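>
Residue numbers (this note's numbering): 1 to 393.
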């Protein structure tokens, strides 16, 4: 038995775990040979239903409605998804294999042999939203920086290096680095999914199940299968499928920040008089609106989106349920509506600045991001100035 294959038996269940690298020609050959030789009762695949549909229909990007993505508050999630897709696509081009080809090959081989398949991974949207929600502000900044760095990295990787990643020593080292740098992300992307994958594989029931998983999941999935067999764990995964609500501090900040601005400007009126209060209001509007507009402009937003950023940033600040990025992004999308070719090349264009500025759909996301950042910076700059205006002697 190779390092990338683990066997587990419990009663009438006989489970084989095949560890793969997602852009490996060797992994494609290994999974197809394993299915053909073992002829299991079912094949479990490390995909969720949405990614399965995307794998079967690569043109599904054409149906993306960027405006609806922003309205549902999923702009950051889509950006993270695209950054990961761009990174995998670039690595795949280095070794001549498309990302996820071993999963597709496993499905094709199973279908050819009449073997039923089961998609056993947690939905990617749930995973990314949990990773975002469970991070601190500093953790979110590090996560975005890591995603951008991976998307724009031009480091080449060889097929031999890809295969080395399937070895336990290499994988253990990577997991340790991830846990040290982003412990919350490691917990969501790896630990929780190990539990979820094991639960879904366990629920495949009696008989022979062959599961095709990323090599990094093998130790964790095997550990959870053993715990399920011993009755130490429940197969119920509801707790790791829910999106955590914002923390108390985050919810309070969302309300306290706009209240503090209003209170400071009102305080300026009662303490320093109407002229000072008016000056404070203008100063805040200029900082907040100007930097949101500047962020929109830096993203290549059209003039209406820039003006929307200026006018919408103060409104978004005073309403904790809105963000200026929603206003600017929707206006950008309506004025310069993404074309079909933009949606077809999302993942490829996300790997370069030139591609992002050229692609209308990605430009919408960039407008959303930079206008939001600009508005936040404007508020943080304006706050000390407002406090100073009230307490100055």
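Where is the CB? At the ideal position from N, CA and C, for every residue including glycine.
Just so we're clear, the structure is a prediction, and the values are computed from it rather than from any experiment.
I'd like to know whether the C-beta atoms of residue 379 and residue 317 end up nearer to each other than 7 Å.
Within the chain shown, numbered from 1, the residue matching residue 379 stands at position 379. Within the chain shown, numbered from 1, the residue matching residue 317 stands at position 317. Taking 7 Å as the Cβ cut-off, residue 379 and residue 317 qualify as a contacting pair.
> Pull up the distance between the alpha-carbon of residue 54 and that of residue 112, whole angstroms please.
The count along the chain shown starts at 1 and reaches residue 54 at position 54. The count along the chain shown starts at 1 and reaches residue 112 at position 112. Taking the straight line from one Cα to the other gives about 20 Å.
> Going by DSSP, what residues sit across from residue 19 in a beta bridge?
Taking the first residue of the chain shown as position 1, residue 19 is located at position 19. Answer is 213.
> Below 6 Å CB to CB, which residues in the same chain sit around residue 306 once its five sequence neighbours on both sides are set aside?
In the chain shown, residue 306 corresponds to position 306, counting from 1. Cβ within range, chain order: 293, 296 and 297.
> When DSSP labels each residue in this structure, what does residue 350 get in the three-state scheme?
Translated into the one-based positions of the chain shown, residue 350 becomes position 350. Reduced to three states, the DSSP call for residue 350 is coil.
> Does the distance from the CB of residue 206 to the CB of residue 44 come in under 7 Å?
As a position in the chain shown, residue 206 is number 206, starting the count at 1. As a position in the chain shown, residue 44 is number 44, starting the count at 1. No; because the gap between Cβ atoms is not below 7 Å, this pair is not in contact.
> Go ahead and label residue 29 buried or exposed: buried means 16 or more other beta carbons lie within 10 angstroms of its beta carbon, across all protein chains shown.
Start at 1 with the first residue of the chain shown, and residue 29 comes out as number 29. When all chains shown are included, residue 29 counts as exposed.
> Look at the alpha carbon of residue 18 and the alpha carbon of residue 345, and state the distance between them as a whole number of angstroms.
One-based indexing of the chain shown puts residue 18 at position 18. One-based indexing of the chain shown puts residue 345 at position 345. Cα to Cα, the separation comes out at about 32 Å.
> Could you compute how far the alpha carbon of residue 50 sits from the alpha carbon of residue 72?
Locating residue 50 in the chain shown gives position 50, counting from the first residue. Locating residue 72 in the chain shown gives position 72, counting from the first residue. Residue 50 and residue 72: Cα-Cα distance of roughly 18 Å.
> On the three-pair Cβ rule with 8 Å, is the stretch 101 to 121 touching the stretch 35 to 42?
The stretch 101 to 121 vs the stretch 35 to 42: in contact.
> Return the chain-ordered list of same chain residues with a C-beta closer than 7 Å to the C-beta of residue 204, the five sequence neighbours on each side being excluded.
Translated into the one-based positions of the chain shown, residue 204 becomes position 204. Excluding sequence neighbours, residue 204 sits near 42, 44 and 118.
> Residue 186 lies in the alpha helix (DSSP H); which residues open and close that run?
As a working note, residue 186 is residue 186 in the chain shown. Run containing residue 186: 183 to 186, per the alpha helix (DSSP H) assignment.
> Taking all protein chains shown into account, decide if residue 216 is buried (16 or more other Cβ within 10 angstroms of its Cβ) or exposed.
Here the question's residue 216 lines up with position 216 in the chain shown. Buried.
> Is residue 296 helix, strand or coil by DSSP?
Within the chain shown, residue 296 is the residue found at index 296, counting from 1. Correct three-state label for residue 296: helix.
> Which runs of the alpha helix (DSSP H) fall wholly inside the stretch 4 to 53 and span at least 4 residues, in chain order?
Taking only runs of at least 4 residues, the alpha helix (DSSP H) segments lying wholly in the stretch 4 to 53 are 25 to 38.
> Tell me the residue span of the beta strand (DSSP E) that contains residue 118.
By one-based count along the chain shown, residue 118 stands at place 118. Run containing residue 118: 117 to 119, per the beta strand (DSSP E) assignment.
> For the candidate residues 48, 47 and 76, whose alpha-carbon lies nearest to that of residue 370?
Your numbering for residue 370 matches position 370 in the chain shown. Nearest of 48, 47 and 76 to residue 370, Cα basis: 76.
> Taking all protein chains shown into account, decide if residue 354 is buried (16 or more other Cβ within 10 angstroms of its Cβ) or exposed.
Sequence index remark: in the chain shown, residue 354 carries index 354 (1-based). The residue in question, residue 354, is exposed, as its Cβ has fewer than 16 Cβ neighbours within 10 Å.
> One question on the structure: do residue 325 and residue 368 come within less than 7 Å of each other, judged by their Cβ atoms?
As a working mapping, residue 325 is identified with position 325 in the chain shown. As a working mapping, residue 368 is identified with position 368 in the chain shown. Yes, they are a contact pair.
> How many Å lie between residue 365 and residue 140 at the Cα?
Within the chain shown, residue 365 is the residue found at index 365, counting from 1. Within the chain shown, residue 140 is the residue found at index 140, counting from 1. Cα to Cα, the separation comes out at about 17 Å.
> Taking the continuous alpha helix (DSSP H) assigned at residue 345, which residues delimit it?
In the chain shown, the residue the question calls residue 345 occupies position 345. From DSSP, residue 345 is part of no alpha helix (DSSP H); its letter is neither H nor E.
> Since residue 229 and residue 10 should fall inside the 8 Å C-beta cutoff, what is the C-beta to C-beta distance between them, to a whole number of angstroms?
Within the chain shown, numbered from 1, the residue matching residue 229 stands at position 229. Within the chain shown, numbered from 1, the residue matching residue 10 stands at position 10. Correct: roughly 4 Å between the Cβ atoms.
> Take residue 401 as the anchor and find which of 303, 315, 391 and 299 has the nearest alpha-carbon.
Residue 401 is absent from the structure shown; the chain starts at 1 and stops at 393.
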